[in-house]
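With UniProt numbering, the residue at position 156 of the sequence shown is 156, and numbering never jumps.
Heads up: the structure comes next, in structure tokens.
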Amino acid sequence: MLAKTIGERNVGEYLSGKRPHRVEFGNHRSFYTRWEFSEAEIRKNLKSGAVGIWPPDAEPPEVISPMGVVESAGKERLICNDRYVNAFLEQIPFEYEKLRDILAFTLRGFFMATADLRSGYFHVPIHPAYWKYFAFKVGKTVFFYKVLCFGFAQACYVFTKVMRGPILELRARGVPLSGYIDDSFTAAPTFGRALRQILFIVRLMGVALGAHFGLPKCQLEPVLLLKWLGFLVDSEQAEFRLGEGRMERLRSALAEMAESPTTSPRKLAKMAGLLASTAPAILPVALYSRSFYGALSGKETWDELFPTPAEVAETATFWLKNLERWNVRRWWPRPVAVSAHVDASEIRFGGWAELPDGRRLEIEGTFSEVQAGGSSTEREVIGYAAAIKVVTEKVPELITERAVMLTGDSQAGLAAIGKFRSSVPLIRSALKQVLELCAEFRCDLVTRWVPREDLAEADALSREPDASDWGVSASVFRKLTEHFGVNPSIDLFASATFHVAERFVAKYYTPGCTAVHAMALDWRELVQAGESAWIFSPVGLTTQVLERLSNFRVNALVCISAPKGSLAETQIRGFQGANALTRRAAARKNLDCTGISALGSSRTVLLQPARTN
1 MLAKTIGERN VGEYLSGKRP HRVEFGNHRS FYTRWEFSEA EIRKNLKSGA VGIWPPDAEP
61 PEVISPMGVV ESAGKERLIC NDRYVNAFLE QIPFEYEKLR DILAFTLRGF FMATADLRSG
121 YFHVPIHPAY WKYFAFKVGK TVFFYKVLCF GFAQACYVFT KVMRGPILEL RARGVPLSGY
181 IDDSFTAAPT FGRALRQILF IVRLMGVALG AHFGLPKCQL EPVLLLKWLG FLVDSEQAEF
241 RLGEGRMERL RSALAEMAES PTTSPRKLAK MAGLLASTAP AILPVALYSR SFYGALSGKE
301 TWDELFPTPA EVAETATFWL KNLERWNVRR WWPRPVAVSA HVDASEIRFG GWAELPDGRR
361 LEIEGTFSEV QAGGSSTERE VIGYAAAIKV VTEKVPELIT ERAVMLTGDS QAGLAAIGKF
421 RSSVPLIRSA LKQVLELCAE FRCDLVTRWV PREDLAEADA LSREPDASDW GVSASVFRKL
481 TEHFGVNPSI DLFASATFHV AERFVAKYYT PGCTAVHAMA LDWRELVQAG ESAWIFSPVG
541 LTTQVLERLS NFRVNALVCI SAPKGSLAET QIRGFQGANA LTRRAAARKN LDCTGISALG
601 SSRTVLLQPA RTN
């Protein structure tokens, strides 16, 4: 674009320095071929004040960017192509809230509602000093944007940052909320409560903050099934899936690729992007289309991925055949019906599957020469896949609409099985077999790590305990337990260096630990009735820890980072009868909690859930 406008020889000069140089680009063809839409949008934006006319007698703007029209999901959008301006911007990494984040406060049978801002970016003004970088030209008239526009690279970051304030304030006021750019989602166990929450959101943002809502796109009446971030969220069935409209667009794109005798990188990128975006609802996408992610990120080329058009057609045909049956992703696993215990050596694998009536199914086999030459993780995963095959062949009626728990001693292998994701070809092949069986028998997988007792000594020698872990001093821990009146019998997130109970769970095996990897265990097996656990987990696991605590309902004293307005604070409110204490409140009670400031949070919450036995 730049070379075509100023010449190849001048590109280096125009990309030098810290600010864009004065340049004028011509508009894209789509701007004129869809002129009726383009003109209507400009007139509408002039009327709303989002766009202004550059004064003819003023100094010309620095950059006049090309305008174009793009179509997404059947909707036209006017774009200001700020690619040249974007080249001078710092890339600021940030994270969106994910689809599964709503599960922090949304359970089966909850009523859900959404609110959508109209022209969300237009709510954020651009400082007048920078209007000169957001100009465009139609005929002899120069216009400029006064607000964030589509095409500006940092627009999404800025808007997300601005919206963070209202979201945190609403959460702090007890409204469970997830926000994605200009969309808001809330849920509650009753229709009335969900209605009050969504109306409070609209009132705060609309009346107090002056936001404009696109009412046709809002779901203000709480329902059990709605569309959120392009996915259907079904609280009645507790699952995510693609809606028919999105499925039809995906089928159309795949059919075009399957039937076309030729292809192009642009068409391949479109197909890959469509498939990759469905992963939250279609679990196998990450497994069967892993190479797409490499091509989209630039690590691989499309020619390396698809050397011939026939291979493109084969991939597209595969997804056309399987899209429908894989279009569902459950929120949580079904109840466990069968537990399989598997271990692998250099040449064989063996184990058993424990059935509900106490019977055992033997699992054994010998690796092929290729399999035997693989890593220990590869061999373990092959053994896990064989166990699932035995169970589905011998007792299919027991696992249909139920879950199988795989127990093993390979953390990497169990992680691959649990996430259905791996970069190793041999493991991916085994995972595909497992996935096909799970789809056929409509069963889920749950993984559980246990130490291999006869390898404990060798394993201990091969691993060094992590002494960089944090903990609490004995005096602080004693004050906390005295305040809450509990004496934890097990420390779920500990190490040989830092643990406050005789029984402890470590990240890796270390002599003396009770178990390994707390997030892969059933806490009900570790904390018996009348006992309690101490939980001081890494900050990044906070929401997952609270979710598991809610599911397992074990007694625990929990030290977590729960800043005001965070999802963690919302989750804490969901514990009925819980006893919570902030660090500030602890200070007022002369309870010194400075010894747990390693969290780096100004608000630490101690939580003691009430257990239902």
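Heads up, the beta-carbon is just placed ideally off N, CA and C, and yes, glycines get one too.
Fair warning: this is a prediction, and the values are worked out from it, not measured in the lab.
Under the three-state DSSP convention, the category residue i falls into
i	result
E369	helix
R9	helix
Q154	coil
K137	strand
K394	helix
R348	strand
T543	helix
Q433	helix
T315	helix
A211	coil
A415	helix
K98	coil
H341	strand
P465	Its pLDDT being 40, under 50, P465 is placed unreliably in this model, and the coordinates cannot settle the point.
M205	helix
G512	coil
C443	coil
S475	helix
T503	Just to set this straight, residue 503 is Arg in the shown sequence, not Thr. Correct three-state label for R503: strand.
E362	strand
E59	coil
L287	helix
E24	strand
L226	strand
A129	helix
Inter-residue spacing [alpha-carbon to alpha-carbon] between residue i and residue j
i	j	result
G512	A344	24 angstroms
residue 618	L89	There is simply no residue 618 to check, as the chain begins at 1 and stops at 613 in what is shown.
R334	F552	14 angstroms
A47	F122	It is Lys, not Ala, that sits at residue 47 in the sequence shown. Cα to Cα, K47 sits roughly 13 angstroms from F122.
residue 616	V500	Nothing in the structure corresponds to residue 616, since the chain is present only between 1 and 613.
L355	L541	33 angstroms
G273	R266	10 angstroms
E346	A372	6 angstroms
A568	D357	40 angstroms
S495	D101	29 angstroms
R524	G574	20 angstroms
G383	R421	17 angstroms
V424	W449	21 angstroms
P166	M205	7 angstroms
T315	L199	46 angstroms
A518	L445	18 angstroms
D459	G351	Interpretation of D459 is limited by its pLDDT of 33, a score under 50 that renders its predicted location unreliable; no figure is taken from the coordinates.
A529	L521	17 angstroms
F105	T5	52 angstroms
Beta-carbon contacts of residue i that lie in its chain and below 8 angstroms, excluding the five residues immediately before and after
i	result
G109	P189, L224, S235 and E236
L557	L480, T481, F484, V486, P488, S532, A533, W534, I535, L606, L607 and Q608
V162	H123 and V124
Y96	T160, Y180 and I181
L323	M247, L250, R251, L254 and I282
A385	A430, L431, Q433 and V434
Cutoff 6 angstroms; reference residue i; Cβ partners in own chain excluding five residues on either side
i	result
A3	V11
S410	T377 and E380
A387	A340, V342 and I363
R348	T366
Spatial neighbours of residue i in its chain, beta-carbon cut-off 7 angstroms, leaving aside the 5 residues before and after
i	result
P125	K146 and V147
residue 649	This structure cannot speak to residue 649, because the chain is shown only from 1 to 613.
A279	V285 and A286
F31	S38, M67, G68 and V69
P20	E62, V63, Y84, V85, F88 and Y133
E239	V328, R329, R330 and W331
Which residues DSSP lists as bridging residue i, in chain order
i	result
F240	V233 and R329
K75	S72
K18	Paired residue(s): none; K18 is not in a bridge.
Q219	T114
Y145	V51
Y180	D183
G408	W449
D491	F504 and W534
M67	C80
CB contact below 8 angstroms: residue i versus chain C
i	result
M519	Structure shown: chain C not included; a single protein chain is present.
Three CB pairs or more closer than 8 angstroms across the stretch 241-252 and the stretch 147-158: no
Cβ pair count under 8 angstroms reaching 3, the stretch 101-115 against the stretch 178-188: yes
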